[in-house]
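Below is one structure; the comments refer to it alone.
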Amino acid sequence: MSKVQSSVGPRALRLVPLLLRWFAANARDLPWRRTRDPYAIWISEVMLQQTQVRTVVPYFERWMRELPDISSLAAAREQRVLKLWEGLGYYRRARNLRRAAREILRVHDGQFPRDFDAMLALPGVGRYTAGAIASIAFDVPHPILDGNVTRVLARLFAIRQSPRANPVQKRMWSLAGHLVEAAGGSARRVRLDGVGGRCRAVNRCSALNQSLMELGALVCTPRAPRCDECPVKLCCDARRLGLVELLPVVAKRPQTAARQAIAVAAVRGERVLVRKRPQGGQNGGLWEFPNVEARPGEKGIQEALRTFQPELRGGALSAICTVRHSITRHRITVHAFLAKADRIRPQAGEVWVGRARLAGLPFASAHARIRDALLSRFDAR
Ligand code: SF4
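Dropping the structure here:
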């Protein structure tokens with residue numbers, strides 16, 4: 001018997017019923033909890049990576065209305081898929097969903113594979129996503145380990161090393177595996193009091209995995225966890241040892257660097273000049289306003305505007321908005337300007353688009369905010 005097995009075995013028997021009972025009474029009524037469709041669960045799990053539940057709900061509902069199944073996703077044009085994803089960031093996830101849907105049509109006759117290794121072979125499907133689909137859609141006791149589960153396990157078992165370290169990851173997957181296996185030992189289903197629809201009763205592996213995620217989201221939160229209300233407080237090592245605020249160990253983040261850029265929306269009537277980012281690069285295939293990086297300070301902005309396009313020099317420029325966003329360790333401030341551009345000539349790759357097309361194109365996140373501000377200006381005219 002491994003060290004992990006011997007330490008988690010008896011505790012799993014105590015933890016599992018506590019977690020299942022709590023989840024039955026506290027599970028939120030989320031749209032993806034009203035279905036067992038592996039496609040819907042897959043879409044929700046990919047959207048939820050790095051993104052909060054309340055942000056994902058409207059995206060998920062719109063996606064399921066427009067692309068309700070694998071074949072509709074496989075047949076959709078990439079621009080449509082990116083548009084449905086616009087604002088969620090990490091656009092590679094959306095592209096991979098479409099690639100995987102095509103793969104499922106080609107290799108699996110359009111049926112989402114039940115086999116775990118076949119799931120892992122799909123583009124963009126890693127161990128976490130496959131574990132979630134296997135346990136929630138197919139009742140198979142595969143573990144999951146996302147940020148919420150990692151935090152809960154680090155505290156429950158007082159793990160004092162960084163969860164990013166490989167041996168710690170391995171241990172956590174093992175702990176999560178023992179818990180879900182202990183839950184799967186009975187065929188009894190768990191009835192979720194607060195969830196509507198036909199899927200209120202879920203299998204125990206699904207409930208156990210989701211209970212860990214839900215506990216991390218609602219109770220064992222990154223800051224100010226609500227230990228007094230926690231269903232497993234009597235089994236929690238971090239609480240017993242006074243380590244709750246110290247765990248999980250967070251690796252020191254690399255310093256962020258501030259950068260700034262200008263973007264110019266050249267407008268002629270209600271037509272606006274935009275360009276598509278090259279495929280293969282960052283945000284490839286998404287649209288943006290012509291932009292250029294500027295040196296720090298107000299002087300840098302003025303300098304960038306002067307060098308941006310000579311044709312703009314004589315035109316009227318006005319500020320639209322300022323957008324702040326982060327890419328990896330860069331905090332970028334984009335100053336967006338509107339230019340009356342009667343004389344401007346499009347550069348290579350730039351095209352004039354009318355208002356309706358502007359609204360329908362998928363834009364990179366920062367530029368989507370500029371586009372929305374510009375459309376509001378048009379509306380206010
Ligand atoms: Fe998290 Fe506190 Fe519960 Fe421990 S007792 S699992 S630290 S909420």
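Under this note's numbering, think of the first position of the sequence shown as 1, with each following residue one higher. We treat Cβ as the ideally placed atom computed from N, Cα and C, and that holds for glycine. Keep in mind that this is a model prediction, so the values were computed, not measured.
- Relative to ligand 1, residue 373 has its C-beta separated by 8 Å or more from all heavy atoms.
- Taking residue 363 as the centre and dropping the five residues before and after it, the same chain places the C-beta of 86, 286, 287, 288 and 371 closer than 7 Å to its C-beta, in chain order.
- Between the C-alpha atoms of residue 360 and residue 366 there is a straight-line separation of about 16 Å.
- Contact annotation: residue 267 and residue 339 have beta-carbon atoms nearer than 9 Å.
- Apart from the 5 residues on each side of it in sequence, residue 324 sits with its Cβ closer than 6 Å to the Cβ of 333 in its chain, given in chain order.
- Residue 318 is bridged by DSSP to 338.
- Judged by beta-carbon spacing, residue 185 lies beyond the 9 Å limit of residue 143, meaning their Cβ atoms are not closer than that value.
- The beta carbon of residue 247 is closer than 6 Å to those of 154, 155 and 238 in its chain, skipping five residues each way along the sequence.
- The alpha helix (DSSP H) runs of length 4 or more contained entirely in the region 117-183 are, from start to end of the chain, 127-138, 147-156 and 166-183.
- Residue 77 counts as exposed, since fewer than 16 other C-beta atoms from the protein chains shown sit within 10 angstroms of its C-beta.
- Around the beta carbon of residue 378, fewer than 16 other beta carbons sit within 10 angstroms, so the residue counts as exposed.
- For residue 70, the uninterrupted alpha helix (DSSP H) run begins and ends at 70-75, by DSSP.
- When DSSP states are grouped into helix, strand and coil, residue 104 belongs to the helix group.
- Put simply, the backbone Cα of residue 356 is about 13 Å away from that of residue 274.
- The beta carbon of residue 304 is closer than 7 Å to those of 262, 292 and 294 in its chain, skipping five residues each way along the sequence.
- Annotation: residue 50 is outside any alpha helix (DSSP H) and is labelled neither H nor E by DSSP.
- Between residue 30 and residue 53, the C-beta gap is smaller than 9 Å, which places the two residues in contact.
- Following the DSSP letters along the chain, one finds residue 291 inside the beta strand (DSSP E) bounded by residues 291-294.
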